[in-house]
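Enquirer:
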Amino acid sequence: PRTVSLAVIPGDGIGPEVVAEALKVLDAAVGAAAPDVVFDKVEYRLGAGRYLDDGEVLPAAEFEQIKSADAILLGAVGGTPNDPRLAGANIERGLLLKLRFELDHYVNLRPTVVYPTVESPLRDPGDVDFVVVREGTEGPYVGNGGNIRSGTPHEIANEVSVNTAYGVERIVRFAFGQASARRGKLTLVHKTNVLTFAGGLWKRTVDRVAADFPDVAVDYLHVDAATIFFVTDPARFDVIVTDNLFGDILTDLAGAISGGIGLAASGNINPDGTFPSMFEPVHGSAPDIAGQQKADPTAAILSVALLLEHLGLTDASAKVSAAVRDDIATRTGARPTAEIGDAISRLVLNS
Ligand code: NAD
Ligand code: IPM
Ligand code: MN
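Residue numbers for the sequence shown follow full-length UniProt numbering, beginning at 2 and rising by one.
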């Protein structure tokens, strides 16, 4: 049998609640569609809770173990914003971004489908099925900056967006590949009218790479205008390629229009396979609803579908996606987290 080593990082808040459901569905899908595959799961207790316990954010030994896994499933990390006990640590940068950067997750793949039966806040969203290809290792996220004369009235805070020709080209090529395999439409989202230096590099790269993908129609939108179309005409999008920060913002909006952030899945992918890819819901630890079984585990479950697909377990992945679609079709009102996971697991087993 094939063994897949899976590092599981449940994290904080609703993270462990949604990961528990995602693992139920993973087991069901593997049992139903990939019985010869054994998932060797190792759980890592990392996040704000761990930091508060022993001051550790990502110990080197655990990082090395995670690095040697075949894939990573993460719930969500981070405490309540403004918790003074977390002031000295940056869980997001020290853990989540460290994993994305060190494991070279340059593709942050965030698909959005508006299921026909779902209750979207948009009255008539239309046939929405797009994927945001968010750059994952550069942009304003790199931590290039600093505070000068900190705390004084003359403070200057710089947060420099780093965009390399290498980094932009590889994400743009990946996005063209996606568009070519989908409906042949790629939209670059940036802010080239103001961010002329970085925007210029992105625009020139898209124009150049386009020559290698004659089957893909290319479009461009400024990010502010893109938010308009996310609400007024999201069905126009197929593949969106954008930088790390714009992609972060747009994908929360995408989750909201699709019927809730609890539906939005993502993959942090290292396409070269040098390092394990990491799958996680788009949402955070939601301290406001943690511990109440109110979280929607669908995003974590759909992240398992992305994980299975990434591992080449296509049938198992398809079973999860189909079960989610079927479950959503029957949803009426709020259900406890575990009930949704159980229902989707049953649908997977009965498919
Ligand atoms: P959040 O996504 O945790 O919550 C925003 C809102 O969405 C909240 O009202 C929350 O209740 C709701 N929500 C989120 N997930 C939901 C789900 N599955 N079902 C139902 N409702 C859901 O964002 P935030 O409040 O800005 O961040 C909270 C913490 O999470 C912060 O520490 C932040 O840094 C961290 N965070 C972590 C990740 C991650 O680990 N990938 C992602 C985003 C935020
Ligand atoms: C996300 C989150 C992260 C991001 C934070 C927690 C670092 O918001 O995964 O979307 O900004 O990428
Ligand atoms: Mn985000």
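By construction, the Cβ of each residue, glycine as well, lies at the ideal position given by its N, Cα and C atoms.
Note that the structure is a prediction, hence the values are computed from the model and not measured.
Check P235 in the structure and name its three-state DSSP category.
Expert: Secondary structure of P235 (DSSP, three-state): helix.
Enquirer: Straight-line CA distance for T138 to R336?
Expert: 36 Å
Enquirer: Given that a residue counts as buried once 16 or more other Cβ atoms are within 10 Å of its Cβ, and exposed if not, what is residue 1?
Expert: This structure cannot settle anything about residue 1, because the visible part of the chain is limited to 2 through 352.
Enquirer: Is the segment 54–66 close to the segment 327–346, with three or more CB pairs under 8 Å?
Expert: no
Enquirer: Where are the beta strand (DSSP E) runs, 3 residues long or more, that stay fully inside the segment 211–274, in chain order?
Expert: Counting only runs of 3 or more, we get 218–223, 240–243, 266–270.
Enquirer: Distance, Cα to Cα, F214 vs G50?
Expert: 47 Å
Enquirer: Using the DSSP secondary-structure output, state which residues sit across from D130 in a beta bridge.
Expert: V114
Enquirer: Helix, strand or coil: how does DSSP classify F64 here?
Expert: helix
Enquirer: Kindly indicate which residue of D28, L100, A70, A21 has the alpha-carbon position closest to the one of V58.
Expert: Nearest neighbour of V58 by Cα position, chosen from D28, L100, A70, A21, turns out to be L100.
Enquirer: Can we count A12 as close to the ligand NAD, meaning its CB is less than 7 Å from some heavy atom?
Expert: The question names Ala, but residue 12 in the sequence shown is Gly. G12 Cβ: within cutoff of the ligand NAD.
Enquirer: Does the beta-carbon of L87, which I'm using as the reference point, lie nearer than 7 Å to any heavy atom of the ligand PLP?
Expert: This structure lacks the ligand PLP; the ligands present are the ligand NAD, the ligand IPM and the ligand MN.
Enquirer: Rounded to whole angstroms, what's the CA-CA distance from V173 to P36? Just pull it up for me.
Expert: Computed Cα separation, rounded: 37 Å.
Enquirer: Is any heavy atom in the ligand MN found nearer than 7 Å to the beta carbon of V283?
Expert: yes
Enquirer: Is E93 near the ligand IPM, with its Cβ less than 7 Å from a heavy atom?
Expert: Taking 7 Å as the cut-off, the C-beta of E93 counts as close to a heavy atom of the ligand IPM.
Enquirer: Excluding the five sequence neighbours on either side, which residues of its own chain have a C-beta within less than 8 Å of the C-beta of T275, listed in chain order?
Expert: D105
Enquirer: Between the alpha carbons of L97 and K25, how many angstroms are there, rounded?
Expert: 24 Å
Enquirer: Please confirm whether S278 and A72 have their CB atoms less than 8 Å apart.
Expert: yes
Enquirer: Where D130 and L309 are concerned, what is the direct C-alpha to C-alpha distance, given to the nearest angstrom?
Expert: Going from the Cα of D130 to the Cα of L309 covers about 20 Å.
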